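Notes follow once the structure below has been shown.
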Amino acid sequence: MKKSLKDLADKTLKYLCVGSYIEGINFYGLKILFAENEVNKARIDGQIYLNIEGKFAVLPSLPEFFPTADTLPELDWIERSKIICELRMKKVIDLWLSIDVPNLIIIFESGEVLYVNGHNDKYESWQLGVWGNKNKYEIWEIVCCPGDDIAVWAPDDFVG
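Here the sequence shown is numbered in UniProt numbering, starting from 1 and rising by one per residue.
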């Protein structure tokens, strides 16, 4: 994962999610729905979402070391949904990607941490973006790609 892409991904993730709340889930795969926040609500009028295809865990606090893909549990869709429902209406205060692998780390005001494993050799582990934005020319999307890579789409004026 290139540092410049990681930096852009972190900037975009923070813009879309810091200050927002988990407001629901969608039952195709595991899609978490986020509310808009004070920073982005003038520009984003679509639905901010996080689609999780890989393993994840909710940790009680920020750990010294994060779990590895091998130590994360295999969960069925009911278990996955129940875990995410426990985060309903909790405020996101920070998020970022780990350094070498695009593991997604989301910190909530409660101190809890949603850790989404980003390592997979064949599949996208997660995607975060906006769908249904009225401005069809503004694409907001961060995709965790196979092989520990990341892809980011954001408006040119945001990228800088």
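Just so you know, even glycine gets a beta-carbon here, dropped at the ideal spot from N, CA and C. These figures come from a predicted structure and were not determined experimentally.
| field | Three-state class that DSSP yields for tyrosine 137 in the structure shown | value | Taking the first residue of the sequence shown as 1, we reach residue 137 at position 137. Annotated three-state conformation of tyrosine 137 is coil, per DSSP.
| said: For chain D, check one thing: does any of its Cβ atoms lie closer than 8 Å to the Cβ of valine 92? | reply: Checking the listed chains, one finds no chain D in this structure; it contains a single protein chain.
| If you count every other CB in all the chains shown that lies within 10 Å of the CB of lysine 62, and 16 or more means buried, which is it? | For the purposes of this step, residue 62 is taken as residue 62 along the sequence shown, with counting starting at 1. Residue identity check: residue 62 is leucine in the sequence provided, not lysine. By the Cβ neighbour-count rule, leucine 62 is exposed, with fewer than 16 other Cβ atoms within 10 Å of its own.
| said: Could you pull the DSSP bridge partners for isoleucine 106 from this structure? | reply: Within the sequence shown, numbered from 1, the residue matching residue 106 stands at position 106. Per the DSSP secondary-structure output, isoleucine 106 pairs in a beta bridge with Leu95 and Leu114.
| Is aspartate 45 helix, strand or coil by DSSP? | Taking the sequence shown and counting its residues from 1, one reaches residue 45 at position 45. Looking at aspartate 45 - three-state DSSP - the assignment turns out to be coil, as it is neither helix nor strand.
| query | What residues match up with valine 39 in a beta bridge as DSSP calls it? | reply | Within the sequence shown, numbered from 1, the residue matching residue 39 stands at position 39. Paired residue(s): none; valine 39 is not in a bridge.
| query | In the structure shown, what three-state DSSP assignment does tyrosine 15 receive? | reply | Translated into positions along the sequence shown, residue 15 becomes position 15. Here tyrosine 15 sits in helix by DSSP.
| request: Tell me where the alpha helix (DSSP H) around residue 163 begins and ends. | output: No answer is possible for residue 163: the residues shown for the chain start at 1 and end at 160.
| said: Is the separation between the beta-carbon of residue 162 and that of tyrosine 115 shorter than 8 Å? | reply: Shown here, the chain extends from 1 to 160; a query on residue 162 therefore has no answer.
| In angstroms, rounded to a whole number, what distance separates the CA positions of glycine 147 and proline 102? | Position 147 of the sequence shown, counting from 1, holds the residue named residue 147. Position 102 of the sequence shown, counting from 1, holds the residue named residue 102. Using only the alpha carbons, I get a separation of about 10 Å.
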